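Here our numbering is used: the first residue of the sequence shown is 8, the next is one more, and so on.
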Amino acid sequence: VQLQASGGGLVQAGGSLRLSCAASGSRFSINVMGWYRQAPGKQRELVATITLGGSTNHADSVKGRFTISRDNAKNTVYLQMNSLKPEDTAVYYCYIRAWFTGDDYWGQGTLVTVSS
């Protein structure tokens, strides 16, 4: 299974970015898809998740600014990030959780840098 994340970059505070992560090579149904992030010197933290049925969960720090969505036909998860703040600067990692086994698979990460 390979997860290819894209969409990161440099943006000014208040700007927007849209991250994408496409999963390929999986022969199983994907249950949960999501995003985590890790800022320099900090632990990896949950950003948002979305289930196969479309139920979402967003961290309090991004509620109202970030929106997670997915395209099941394309095995792709998205993260629309609006009103970005410097504290959103981090490497963003996508992941998927297999339906039957519960195994997690991670992408390589994409860097988001928000300048003040």
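We treat Cβ as the ideally placed atom computed from N, Cα and C, and that holds for glycine.
Note that the coordinates shown come from a computational prediction; the quantities given were computed from them, not determined experimentally.
Counting C-beta neighbours from all protein chains within 10 Å, is the total for residue i 16 or more, i.e. buried, or is it exposed?
i, result
"Trp-106", "exposed"
"Gly-41", "buried"
"Leu-17", "exposed"
"Thr-63", "exposed"
"Ala-12", "buried"
"Ala-30", "buried"
Taking the alpha carbon of residue i as the point to measure from, which residue in the options has its own alpha carbon closest?
i, options, result
"Val-54", "Gly-48, Ile-37, Asp-111 and Phe-73", "Phe-73"
"Ser-76", "Gly-14, Val-98, Leu-26 and Ala-20", "Leu-26"
"Gly-43", "Asp-78, Thr-117 and Gly-32", "According to the sequence as given, residue 43 is Tyr; it is not Gly. Of Asp-78, Thr-117 and Gly-32, the residue nearest in Cα terms is Thr-117."
"Thr-120", "Gln-19, Gly-114, Val-8 and Tyr-112", "Gln-19"
"Lys-70", "Asp-111, Cys-28, Gln-87 and Asp-78", "Gln-87"
"Thr-83", "Val-98, His-65, Ala-97 and Thr-58", "Thr-58"
"Leu-91", "Glu-52, Gly-21, Leu-17 and Gln-50", "Gly-21"
"Ser-68", "Lys-81, Pro-93 and Ala-80", "Pro-93"
"Gln-50", "Phe-35, Gly-32, Ala-80 and Ala-97", "Ala-97"
"Gln-45", "Asp-95, Asn-64, Asp-111 and Ser-33", "Asp-95"
"Val-39", "Cys-101, Gln-115, Ala-12 and Ser-123", "Cys-101"
Where do the ends of the beta strand (DSSP E) carrying residue i lie?
i, result
"Thr-56", "52–57"
"Arg-77", "73–78"
"Ala-12", "9–13"
Practice task
Within the region 80–122, note down every full beta strand (DSSP E) run reaching 3 residues or more, in order along the chain.
Solution key: 83–88, 97–105, 111–113 and 117–122
Practice task
Could I get the ranges of all uninterrupted beta strand (DSSP E) runs contained in the region 16–70, with 3 residues as the minimum, in chain order?
Solution key: 16–19, 24–31, 37–45, 52–57 and 63–65
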